[in-house]
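These notes concern the structure reproduced below.
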Amino acid sequence: MPESLIETRNLVKRYGDKVAVNNVSFDVYAGEVFGFLGPNGAGKTTTIKMIVGLLRPTSGAVKVAGYDVQAQSMLAKASSGYVPDTPNLYAKLSGRELLRFVGDLYSMDRTQVARRIDELLRMFDLTAVGDDTVDSYSHGMQQKASLAAALMHDPKVLVLDEPTVGLDPKSARLIKDILRQMAERGAAVMLSTHILEIAERMCDRIGIIDQGELIAVGTMDELRSLDKANQASLEDIFLSLTGGAEEAEIAEIMK
Amino acid sequence: MNTTLNLPSMREPDERILPAVWKLLILRVRITFNGFRHAKLRRKIGIVIVWLLLLGFAYFLLAMSQMLLGFMRSPELRQYIDLDFKSLLNIIPALILSGLFVGTLLTSFGVLLQALYLSGDMDFLLSTPVPIRAVFMAKLFQAVLPNFALISLFGLPMLFGLGISSGYNILYYPLVIIVMIALALAAAGLSSLLVMLVVRVLPPRRAAEILGFIGALIGITCSQIGNVANSFGKELNATGTQVTGALARANTPWLPLNWAGQGLVALGEGHWLSAIFLVGTTLALSSVAFWFALVTAERWFYSGWAGMQIVSRKKKPTRPMRLNTEATSFGFARILPAPVLAIVQKDFLTLKRDLRSLSQLISPLILGVIYTLMLFRSGGQVPAGRGEAPAWFMDSLGVVIAYSSIGMSLFVGWMLLVRLAGMGFSHEGKNYWMLKVSPVRTGQLLAAKFLVAYLPALGLGLLFLTTISILQKLSILEFLYGLTAISMCLAGTTGILLAFGVAGANFTWDDPRKMNAGTMGCLGGILALLYLPISFGLFIAPLGLAGLFNFPLSYGYLVGLIVGSSVTAGCAYFPLWLVRNKTEHLDES
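Top to bottom, those sequences are chains A and B.
If you read the first sequence in this note's numbering, its first letter stands for residue 119, the second for the next number, and so on.
If you read the second sequence in this note's numbering, its first letter stands for residue 3, the second for the next number, and so on.
Structure, rendered in structure tokens:
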């Protein structure tokens, strides 16, 4: 059994009376890409933010690389990288300065920083604009800079919230390849996405969350076994589990 | 399952301008009303009170204008003051309307830049079947309305007061309002053209940054004109006759901006022909300007907007931030942990590069220069008096005056600190997640933010102190003691302000002026203002007391050093200690 690098146990997040995440428990193991799916407002981003330490759970626990995110937050954060759904980066820093800043935040070896920056800028095709400020980057370039920042310290755990939104096919393919390579090197990759095709093709296991509750976790085959016909695509499984089948039927009628 | 859908029946798009403008304006009213309806009760009451106060102020202004302007016409006054008050009163409408036009032209620029190019709704509006001219008109109305209301709050009561006190014709009053609206719309129209010209040269965001910077510079310079005039303006004294003469010359008929005011006066006094000509010409010219702006803006807008969609790459590379390895040559940096140094470097760099933030910090520098000049002119010496005061009193007074000047350098540093420490955390804005997900300890984060605020304020204070020490020929002891007092007082202020900055941190701002708009920012500022004289007094009072009780001055220095340093060090540390847990969970709501 591979090592569990992300462990969530009975995770609950309440905002006043509203329960955003309710009793969510799952693991993401070393060497796997875990897809986290759910309709809008299902609790994906809230769960992810609790995993990376941006939000404090109302109850329950999260461990990253074996460290409790609340009790051993520094160790947990040092082991993880995070790419948010919106790449809010320091607009007045250049790409190179941004990566150097991140390297210093993670107390990276100073001799490694410059080499790593060059590597990442080259890998994401940002070398030519490395000395331009981030506010001159397109959305896709900012998304790539955000991913480069998350990879700067070579994390054991990488958490990505909608990483392919706004990317051209070439960049999207690059990111998919990088995530797969990271998993092959033993990292745990967790990503949320609305593009079910990406999840189906990229992810080793998939978790589906709806109305704050985790309603299914497993490999594609395990999820298919939930369907009576056992031949369903991820889209069919997703819609039948999250109650979207009726809407799909309506959409068919409208054609 | 019932799957019957009621698809909407499509009608021909309505291309009429005014109904579309009306729809867009009603939408804005609804948004404003919703904002009020969903606000907290405290805020609702506050808004109602502010409106009542504004109305009360307008009424007060009307009554005062009527009384004062009526008094200026009285024959009794003319017996004592030999001035041509009638021509002075006739200038008032021209002055107010010119002010309205120029004020709207200038203030609408920033609002229109935001509304036309930086607000998120233009993409949506331009993709809907709403005539673009209607969108423009709605945007112009929205832009002009707040400034128009503000200028009218002062201008309208004065113009009506003038009308009542002068017994003007009844037609004067509605035409005052019509002329004001026409001039404001024409000014806003021309302002929109200026905006579109500027965005052809500069990207809109850069234009907004530069505008904010220039606005802040003009604002602080204007606010200090009084000080400068008091210090330098003995030669500038002018007589009332000279002033009225200059104003009368400014009311020349050759300046089109004066036509509206002159026309209204003519109308009030019943000079119908000149009134019809001047007011009519004003209204016609305003309509032409507004129409021309609308037509031209339609053409120009697309090119500016299209330019915005293209990502501009800055050809000029940034000067790279120094590597930590380079920074280690600087002794101070060597003792700082890498994350602290990284945050300090990043903050200095972003503050320097973002003109909008820089403009917030520029006022203390301007004040510093003005106070230095004023001090230089006054000489900063103890006034000689009439010679009856005892020597010990004059010595004590000398010490107090010397340290008052040192206190001024503390004040200049403090002014910079209020902005830097208050916005220490809020300055991160939507980028705060980067610090939050990285392994930076709360103590390191607070230390970094402390240094970012403290070091520039200390540097400015030190610069000012050195200048004062040279100008006033202070002794080395006084300089060193002053330096210690300033360093410690500023450290205490930083602790207090930073703690309040944590308590009221706002990471959702788009406009830097709204970073510290909350109650906590305001409370922090007030507390820091109270703290400043008390903390400085703890250093200075023992010196005065030593003189008063005939103790050696060295005792005063020792006591001041111990008491002042202890209290200020406590103020630097304990507020931050109190908010350490809050800091750890910032931005989790």
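Every residue, glycine too, gets a C-beta built ideally from N, C-alpha and C.
Everything numeric in this text was worked out from a predicted model, so none of it was measured.
- By the CB criterion at 8 Å, Gly503 of chain B and Met425 of chain B fall inside the cutoff.
- Restricting attention to B:Ala493, B:Ala548 and B:Pro554, the CA atom closest to the CA of Pro577 of chain B is found in B:Ala493.
- Ser225 of chain A has a beta carbon lying within less than 8 Å of a beta carbon in chain B.
- In the pairwise beta carbon analysis, the segment 522-541 of chain B is classified as touching the segment 565-581 of chain B: at least three pairs are separated by under 8 Å.
- Counting only residues of its own chain and dropping the five nearest sequence neighbours on each side, Gly258 of chain A has a CB closer than 7 Å to the CB of Gly284, Leu285, Asp286 and Ser289.
- DSSP places Ser477 of chain B in the coil class of the three-state scheme, outside both helix and strand.
- Chain B has a Cβ within less than 8 Å of the Cβ of Tyr208 of chain A.
- Taken through DSSP and simplified to helix, strand or coil, Met139 of chain B comes out as helix.
- Assigned with DSSP and collapsed to three states, Leu278 of chain A falls in strand.
- Lys42 of chain B is classed as exposed because its beta carbon has fewer than 16 other beta carbons within 10 Å across all chains shown.
- Between Gly270 of chain B and Gly165 of chain B, the C-beta spacing is below 8 Å.
- For the C-beta of Val442 of chain B, the chain A residues within less than 7 Å are, from N- to C-terminus, Leu223.
- With contact defined as three or more Cβ pairs closer than 8 Å, the segment 149-167 of chain A and the segment 304-321 of chain A are in contact.
- Taking 7 Å as the Cβ-Cβ cut-off, the segment 194-218 of chain A approaches chain B at Lys195, Ala196, Tyr200, Pro202, Asn206, Leu207, Tyr208, Lys210, Leu211, Ser212, Arg214, Glu215 and Arg218, given in chain order.
- Looking at the DSSP output, Arg132 of chain A bridges to A:Val137.
- Chain A places a beta carbon closer than 8 Å to that of Arg355 of chain B, counting this residue as a contact.
- For a Cβ distance threshold of 7 Å, residue set Pro441 and Arg443 of chain B lies close to Met192 of chain A, ordered along the chain.
- Listed along chain B, the residues sitting closer than 9 Å to Gly171 of chain A by beta-carbon distance are Lys438 and Val439.
- The shortest CA-to-CA distance from Asp295 of chain A to any of A:Arg323, A:Leu265, A:Ile324 and A:His271 is the one to A:Leu265.
- For Ala334 of chain A, the enclosing beta strand (DSSP E) starts and ends at Glu331 to Gly336.
- By the beta-carbon neighbour count (other beta carbons within 10 angstroms, threshold 16), His587 of chain B is exposed.
- CA-to-CA, the gap between Ser407 of chain B and Ile470 of chain B works out to about 7 Å.
- From the beta-carbon of Arg174 of chain A, the residues of chain B found nearer than 7 Å are His587 and Glu590.
- The alpha-carbon of Ser197 of chain A is positioned some 35 Å away from that of Leu357 of chain A.
- Between the alpha carbons of Gly157 of chain B and Ala263 of chain A lies a distance of about 53 Å.
- Between Ala189 of chain A and Asp253 of chain A, the beta carbon gap of about 38 Å keeps them out of contact (Cβ cut-off 8 Å).
- Between Ala450 of chain B and chain A, the shortest Cβ-Cβ separation is not below 8 Å.
- Contact between Leu223 of chain A and Val442 of chain B holds: their C-beta atoms lie close to 6 Å from each other, under 8 Å.
- For Thr352 of chain B, the chain A residues whose C-beta falls within less than 7 Å of its own C-beta are Tyr208, Lys210 and Leu211, listed in chain order.
- Met517 of chain B and Gly523 of chain B have their C-alpha atoms roughly 9 Å apart.
- Under the three-state reduction of DSSP output, Arg323 of chain A falls in the strand class.
- A direct Cα-Cα distance of roughly 12 Å separates Glu318 of chain A from Ala350 of chain A.
- Per the C-alpha coordinates, the member of B:Gly539, B:Val178, B:Trp511 and B:Ala210 positioned closest to Tyr119 of chain B is B:Ala210.
- Per DSSP, Met517 of chain B lies in no alpha helix (DSSP H) and is assigned neither H nor E.
- Between Leu152 of chain B and Val137 of chain B, the C-beta spacing is not below 8 Å.
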